[in-house]
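A.B. asks:
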Amino acid sequence: MKFASTRDSSVSVDLSSALIAGLATDGGLYVPHELPSLSAADFDGRESIASVATRLLHPFFDGDLLAGDLGAICCEAFDFPAPLRTLHDDHTHLLELFHGPTAAFKDFGARFLAACMKRLRKHGEPPLTILVATSGDTGAAVAAAFHGLPNLRVVVLYPDGRVSPRQAHQLGCFGDNVIALRVAGSFDDCQRLVKQALSDRELQKDIPLSSANSISLGRLLPQMSYYAHAALGHWRRMATPLNFVIPTGNLGNALAAVIARACGLPIGEIALATNANRVLPAFFSGAEYAPQASIATLANAMDVGAPSNFERVRWLYPDEVALRLAFRVQAVDDNAIRVAIRTAADIHGEVLCPHTACAAHVLESLRAEGAEGEWAIVATAHPAKFEQIVEPLVGHPVELPEALARLLDRPAHAEPVAADYVTFAEILRRG
200 MKFASTRDSS
210 VSVDLSSALI
220 AGLATDGGLY
230 VPHELPSLSA
240 ADFDGRESIA
250 SVATRLLHPF
260 FDGDLLAGDL
270 GAICCEAFDF
280 PAPLRTLHDD
290 HTHLLELFHG
300 PTAAFKDFGA
310 RFLAACMKRL
320 RKHGEPPLTI
330 LVATSGDTGA
340 AVAAAFHGLP
350 NLRVVVLYPD
360 GRVSPRQAHQ
370 LGCFGDNVIA
380 LRVAGSFDDC
390 QRLVKQALSD
400 RELQKDIPLS
410 SANSISLGRL
420 LPQMSYYAHA
430 ALGHWRRMAT
440 PLNFVIPTGN
450 LGNALAAVIA
460 RACGLPIGEI
470 ALATNANRVL
480 PAFFSGAEYA
490 PQASIATLAN
500 AMDVGAPSNF
510 ERVRWLYPDE
520 VALRLAFRVQ
530 AVDDNAIRVA
540 IRTAADIHGE
550 VLCPHTACAA
560 HVLESLRAEG
570 AEGEWAIVAT
580 AHPAKFEQIV
590 EPLVGHPVEL
600 PEALARLLDR
610 PAHAEPVAAD
620 YVTFAEILRR
630 G
């Protein structure tokens, strides 16, 4: 399969080239020339996430250098579970995506991308620098996935003071080939610096660069796998599509579900839950798309005012009317997040992170409006990463996952930097 740019459909590159570049040369995002058509029957006999992913992603890898390694890549990346648990009634489920090494859904895409990249880098080539702007969880997942890999360097940028203490510790605890930068600004500033570097051809002559943000196909494509796996399991049991409520900021995780549905997986409605950053809810309510400066919220990993993957969403739905009909989108403010966390704990005995709480609140609203059918709340991170928010609301300590506890036991360091491109480029050149 070949891939085009969202800004130029005549672009035609193979998957490996798109993975290494990260961003298209015209500044657009890579998208497939066409989507494969699949059915539930195509996955008969495939039970594990790795097995489902291998079948799902095969058309995208067809004809690429990595095609022969796809099965091994999937087994290497998806070696932890993503259970779909039924909650307090038979029609509500929780898709737990936080059982990876950094306790967030980002582990799936980051590990897949790392498994691809280490196969693509040839001995003797100059090191490839992977740039990551993070609003909380992406940076740690990418750092963990790439840590110690030869000929690869990771530079993580995060907004100083706008991630939880445990998230910040994760971001700075790796060292070696991982550099953490705490930027005096917002996530949008971090994302701007990364995009500017990726578009700087003079810089790239000296320092090969790529991205591990959700703009990377190497993260977007594998994230379809856990939606496919959950939906197929539900279809086999119930013979009905599974609907999802997805917390979202930069739209990558949500877009993965949308593309999986477009490929023919048994996925029903897709509802999006944002925090108080209302760019997406405003658009889907009929306003013009107007990126804004992000504001800080309890659900910090979703503090995005200019979601990068909106460009891909518009590629998938070029007709604006059809686009607005494709999703339900609702903003959730901090007070509603607190109420959702308390309610889940007090009534149902479930402890949710602030992002997952956004999705729980949206599903409650949809049910109140008469939404029927089987719905899965997508749990994007473990609540222990946000203990300062969650524990006072639930009234007890939240147990640390073993993998997260190991990371928090390590020393951590992040270099403070201004939200200035000249400074950032100097750091990249410094090595």
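Letter by letter, the sequence shown follows residues 200 to 630 in the numbering used here. Cβ coordinates follow ideal geometry from the N, Cα and C atoms, glycine included.
For Pro480, which beta-bridge partners are listed by DSSP?
C.D. replies: None; Pro480 has no bridge partner.
A.B. asks: Given Val512, which residues of its chain have a CB within under 8 Å of its CB, disregarding the five upstream and five downstream residues?
C.D. replies: Leu450, Leu454, Val457, Leu522
A.B. asks: Near Glu590, which residues of its chain fall below 7 Å by C-beta distance, leaving aside the five closest residues on each side in sequence?
C.D. replies: Only Pro596, Val597 meet the Cβ criterion.
A.B. asks: Note down the Cα distance separating Ala276 from Val353, rounded to an integer number of angstroms.
C.D. replies: 18 Å
A.B. asks: For a test of the three-state rule: what should DSSP assign to Gln491, helix, strand or coil?
C.D. replies: DSSP, read as helix, strand or coil, puts Gln491 in coil.
A.B. asks: Could you work out which residue in Ala472, Gln403, Gly360 is closest to Asp533 when comparing CA atoms only?
C.D. replies: Out of Ala472, Gln403, Gly360, the CA that lies nearest to the CA of Asp533 is found in Ala472.
A.B. asks: Could you say which of Val528, Leu255, Leu551 lies nearest to Ala539 if we only look at CA atoms?
C.D. replies: Leu551
A.B. asks: Less than 8 Å between the beta carbons of Pro231 and Phe202, yes or no?
C.D. replies: In contact: Pro231 and Phe202 (Cβ atoms closer than 8 Å).
A.B. asks: Compare the C-alpha of Gly572 against each of Ile469, Thr542, Leu497 and name the closest.
C.D. replies: Ile469
A.B. asks: Should Ala498 and His554 be called a contact, given that it needs their Cβ atoms to be closer than 8 Å?
C.D. replies: yes
A.B. asks: Candidates Leu294, His290, Asp289: which alpha carbon is nearest Pro166's?
C.D. replies: Given a span of 200 to 630 for the chain in the structure shown, any question on residue 166 remains unanswerable.
A.B. asks: In whole angstroms, what separates the C-alpha of Phe242 from that of Val251?
C.D. replies: 7 Å
A.B. asks: Entirely within the region 485-561 and at least 4 residues each: give me those alpha helix (DSSP H) ranges in chain order.
C.D. replies: 509-515, 519-524, 533-547
A.B. asks: Which residues share a DSSP beta bridge with Phe202?
C.D. replies: Val212, Pro231
A.B. asks: What does DSSP give as the partner residues of Leu408 in its beta bridges?
C.D. replies: Thr328
A.B. asks: If you compare alpha carbons, which of His287, Phe509, Phe279, Ser410 is closest to Met316?
C.D. replies: Ser410
A.B. asks: Short of 7 Å in beta carbon distance, which residues of its chain neighbour Ala492, apart from the five on each side in sequence? Order them along the chain.
C.D. replies: Ser385, Asp387, Gly504
A.B. asks: Per DSSP, what are the beta-bridge partners of Ala617 in this structure?
C.D. replies: Ala383
A.B. asks: Along the beta strand (DSSP E) that carries Thr301, what are the first and last residues, could you check?
C.D. replies: Per DSSP, Thr301 belongs to no beta strand (DSSP E) and is neither H nor E.
A.B. asks: According to DSSP, what are the bridge partners of Pro358?
C.D. replies: Pro358 has Val382 as its beta-bridge partners, per DSSP.
A.B. asks: Nearest-angstrom Cα distance between Arg605 and Ala559?
C.D. replies: Computed Cα separation, rounded: 29 Å.
A.B. asks: On the three-state DSSP scale, how would you describe His612?
C.D. replies: His612: coil per DSSP, three-state reduction.
A.B. asks: Can you give me the C-alpha to C-alpha distance between Pro465 and Pro440, rounded to a whole angstrom?
C.D. replies: 5 Å
A.B. asks: Does the distance from the C-beta atom of Tyr516 to that of Ala525 stay below 8 Å?
C.D. replies: Yes, these two residues count as a Cβ contact at 8 Å.
A.B. asks: Assuming Leu265 and His257 form a contact by the criterion Cβ under 8 Å, report the distance between their Cβ atoms to the nearest whole angstrom.
C.D. replies: Actually they do not touch by this definition, with Cβ atoms about 11 Å apart.
A.B. asks: Quick test of your reading: Pro364 and Gln587, contact by CB under 8 Å. State the CB separation rounded to the nearest angstrom.
C.D. replies: The pair is a contact, with the Cβ atoms about 7 Å apart (cut-off 8 Å).
A.B. asks: Is the beta carbon of Asn412 closer than 8 Å to that of Val331?
C.D. replies: yes
A.B. asks: Can you look up Asp241 in the DSSP assignment and give me helix, strand or coil?
C.D. replies: In the displayed model, Asp241 falls within a helix according to three-state DSSP.
A.B. asks: Sorted by chain position, which residues of the same chain lie with C-beta nearer than 7 Å to Ala459's C-beta, five sequence neighbours on each side aside?
C.D. replies: Met423, Tyr426, Ala427, Ile466
A.B. asks: Quick check on Leu599: does DSSP put it in helix, strand or coil?
C.D. replies: coil
A.B. asks: Given 8 Å as the limit, is there contact between the region 287-303 and the region 574-581, that is, 3 or more CB pairs closer than that?
C.D. replies: A contact exists between the region 287-303 and the region 574-581.
A.B. asks: Grab the span of the beta strand (DSSP E) containing Arg284 for me, first residue to last.
C.D. replies: 283-285
A.B. asks: Could you tell me whether the Cβ atoms of Leu392 and Tyr229 are closer together than 8 Å?
C.D. replies: no
A.B. asks: Can you check which of these residues, Asn442, Leu419, Phe585, Ala486, is closest to Ser507 by C-alpha distance?
C.D. replies: Leu419
A.B. asks: Please list, in chain order, all residues of the same chain as Ala617 whose beta carbon is under 7 Å from its beta carbon, the five residues on each side excluded.
C.D. replies: Ala383
A.B. asks: Keeping to the same chain, check which residues put their C-beta closer than 8 Å to that of Ala367; ignore five residues upstream and five downstream.
C.D. replies: Tyr357, Arg381, Ala611, Ala613
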